[in-house]
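Note sheet for the following structure.
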Amino acid sequence: MDRDVAPRLGTWRQAWRLTAAGALGVALWLSTAVVLPRGCATGTCSWFVTGDPLVALGCLTVLPWRRRFPLAVALTVVVAAATSTLATGAALLALCSVSTRRRPVEIGLVAAAYVAGAQFAAGIYPTRVPPASLWLQLALPALSAGVASAVGVAIGARRVEVRFLRDRAESAEREQHARAAQARALERNRIAREMHDVLAHRISLVAMQAGVLDHRTDLTAEDHRVLVRGIADGSHQALEELRDVLGVLRADPGLPELPQPSLDGIPELVAGARASGLSVTLTTTVTGEPSDAVGRTCYRVVQEGLTNAAKHAPGSDVHIALDGTAGGELHVSVRNSAALGATAPQPPSSGFGLLGLAERVGLAGGRLDHHVTPDHGYVLAARLPWPVQHP
97 MDRDVAPRLG TWRQAWRLTA AGALGVALWL STAVVLPRGC ATGTCSWFVT GDPLVALGCL
157 TVLPWRRRFP LAVALTVVVA AATSTLATGA ALLALCSVST RRRPVEIGLV AAAYVAGAQF
217 AAGIYPTRVP PASLWLQLAL PALSAGVASA VGVAIGARRV EVRFLRDRAE SAEREQHARA
277 AQARALERNR IAREMHDVLA HRISLVAMQA GVLDHRTDLT AEDHRVLVRG IADGSHQALE
337 ELRDVLGVLR ADPGLPELPQ PSLDGIPELV AGARASGLSV TLTTTVTGEP SDAVGRTCYR
397 VVQEGLTNAA KHAPGSDVHI ALDGTAGGEL HVSVRNSAAL GATAPQPPSS GFGLLGLAER
457 VGLAGGRLDH HVTPDHGYVL AARLPWPVQH P
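Under the numbering used here, the first residue of the sequence shown is numbered 97, with each subsequent residue one higher.
What follows is the structure, encoded as structure tokens:
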């Protein structure tokens, strides 16, 4: 829709405007009747009681189309009002309506036609009042035209302001919906990442131990007992971690979050992997304590490396190396050799472990690298920035 065309009025709002215009015309028409000579209405002034009301009625009938054809309707009504005192209110309403467009040329054209028509209308009826001076005959119509134009311009300015505020509110609402959708997507990704990080490692170790029981026929009773106990403990811990994650998702936002892993938890993580049957060595030359975000990201890199080694290279040797100091970078690498012997059936893979880990490392401002080594092993490495923390 054209922005210059005002929205259509409802029935009630249209009706009271036309009623006001008609009431103003009736007041002027009656004031003219008072100053007419006695008997004029039935003699030489018969137009006053016949044609004058008919022209006014025609003007009021045309006015509802003033918003669709503003200039044409305004000029038609103003020109017609020159022959009808009763149509003066309709002419002023038409002038006010066209002024809401705030176009000086249109306003000046319609106002000039209104003032000129008023001079013609002043000589239609032989009133008993002596004719006023020319400047007064021009001043009164010009004043009424100026008031109608000023009211119309003010209405138009208010209309533009309301439209601007409405558009801005709609734009803000669309932006809010977009932010909400983005927040939901980010939260879903965060939940998926947390579920993978928490459960994939534990379940992979359980699956590896179950695969060993299924494929190894040379295990002693003690080996069987250790593996079965490891499966039971791992399954129990996986259920506990799943319960903790679901508890956080269902809890109120004001409740504290679960404790997050840190760099100090890596030795315990390695010990758990060893207890599950992985051959893991840990070498660290880290000096200092990194921030929680950097330590947590480092922990997740080690966790993902151990998970992948348990899934894809059972029986391999895994070496974890940590190095770094404050003011530089924290380097972490998880390298495993090729799988030894026949591999057990692997658990289903989500395919999002490395993708989620890359997002974590990227959010921490680091770089992630993973590739196959020449000896058919695999290496997962990350370089994380370690800025100096000032007290």
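For every residue, glycine included, the Cβ atom is placed at its ideal position computed from N, Cα and C.
At least 8 Å separates the beta-carbon of V376 from that of I327.
Under the three-state reduction of DSSP, E202 is assigned to helix. One Cα belongs to W161, the other to S245, and the distance between them is close to 19 Å. Restricted to the segment 188–274, the alpha helix (DSSP H) segments that are unbroken, complete and at least 4 residues in length are 200–217, listed in chain order. According to the DSSP assignment, G411 belongs to no beta strand (DSSP E), since it is labelled neither H nor E. Spatial neighbours of D419 in its own chain (CB-CB distance under 7 Å, excluding positions within 5 residues in sequence) are listed in chain order as T381, V382 and H427. Separation of the CB atoms of T181 and D148 is rounded to 6 Å, and the pair is thereby assigned contact status at 8 Å.
Taking every protein chain shown into account, the CB of E266 has fewer than 16 other CB atoms within 10 angstroms, so this residue is exposed. In the assembly as shown, F144 is a buried residue. Its beta-carbon has 16 or more other beta-carbons within 10 Å.
Beyond the five residues adjoining it in sequence on each side, G424 comes within less than 7 Å, by CB distance, of W482 in the same chain, given in chain order. Counting C-beta pairs closer than 8 Å gives three or more between the segment 356–366 and the segment 389–405, which meets the contact rule.
In chain order, T393, V397, R463, L464, A478 and L480 place their CB closer than 8 Å to the CB of V457, counting only its own chain and leaving out the 5 sequence neighbours on each side. Unbroken alpha helix (DSSP H) runs of no fewer than 4 residues, entirely contained in the segment 377–410, are found at 388–408, following chain order. At a Cβ-Cβ threshold of 8 Å, E400 and L338 do not count as neighbours.
In this structure, the CA atom of L282 is about 11 Å from the CA atom of E455.
Excluding five sequence positions before and after S331, the CB atoms of its chain that fall closer than 7 Å to its own CB belong to V302, given in chain order.
By the beta-carbon neighbour count (other beta carbons within 10 angstroms, threshold 16), P470 is exposed. Beta-bridge analysis with DSSP links N432 to V414 and Y474. For R370, the enclosing alpha helix (DSSP H) stretches over residues I362 to A371. In summary, P410 is buried, with 16 or more beta-carbon neighbours lying within 10 Å of its beta-carbon over all protein chains present.
The C-alpha of Y474 lies about 10 Å from the C-alpha of V414.
The segment 243–258 makes contact with the segment 196–212, as at least three CB pairs between them are under 8 Å.
Contact check for G368 against M304 fails: the beta carbons are separated by 8 Å or more. Nearest to L378 by C-alpha distance, out of R163, P386, I362 and E385, is I362. Between Y221 and C141, the beta carbon gap of about 6 Å places them in contact (Cβ cut-off 8 Å). Comparing alpha carbon positions, the residue from N285, E269, Q278 and E336 closest to I299 is E336. Nearest Cα to T421 within the set W231, A119, G384 and I251: G384. When the beta-carbon positions are compared, G213 and V174 come within less than 8 Å of each other. Within 10 angstroms of the beta-carbon of R164 lie fewer than 16 other beta-carbons, which makes it exposed. In chain order, S193, V194 and R197 place their CB closer than 7 Å to the CB of P166, counting only its own chain and leaving out the 5 sequence neighbours on each side. Here V430 is not near L450, since their CB atoms are 8 Å or more apart.
With fewer than 16 neighbouring CB atoms inside 10 Å of its own CB, T107 falls in the exposed class.
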